[in-house]
Amino acid sequence: MEYHSQGVFHGLLQYLTWKGAIELVNLLGGSWRIPTKDEGIAMANQYEDICCAIKVFGYDDDPGWWCWTCSERNDSKVWCFELDRGNISYFNKSDNYCVRVVRSL
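In this text, residue positions in the sequence shown follow the numbering used here: the first is 181, and each later residue adds one.
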């Protein structure tokens, strides 16, 4: 599947606005979704295991980028997590960050 709306590619990662990230998840359908703020923190706390899995499955060679969550701070800002450092911060919805989709099993 190719997706280019409002996105910037870096390797296999696509950097999207928050609206673009939501559109991408809607295109994926099924049970795929953007992680919550708490899930982003949990993912960052398990960075080594997650990065190993990402690399094994060949998705990208540097998974430590800022990623959107679905948790809004206010009307114009959304919480993001930095996978490789465990940081959490909020950014403008119009900024471009990557999206790591998740789904519940």
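Every residue, glycine too, gets a C-beta built ideally from N, C-alpha and C.
So, using beta-carbon positions, are residue i and residue j closer together than 9 Å?
i	j	result
residue 277	residue 247	yes
residue 245	residue 275	no
residue 257	residue 272	yes
residue 199	residue 249	no
residue 203	residue 282	no
residue 223	residue 230	yes
residue 262	residue 251	no
What residue does the alpha helix (DSSP H) around residue i start on, and which one ends it?
i	result
residue 272	Segment 267 to 272 is the beta strand (DSSP E) holding residue 272; no alpha helix (DSSP H) there.
residue 198	198 to 208
residue 214	Residue 214 -> no alpha helix (DSSP H), and no H or E assigned at all.
What does DSSP give as the partner residue(s) for residue i in the beta ladder?
i	result
residue 252	258
residue 277	196
residue 282	213
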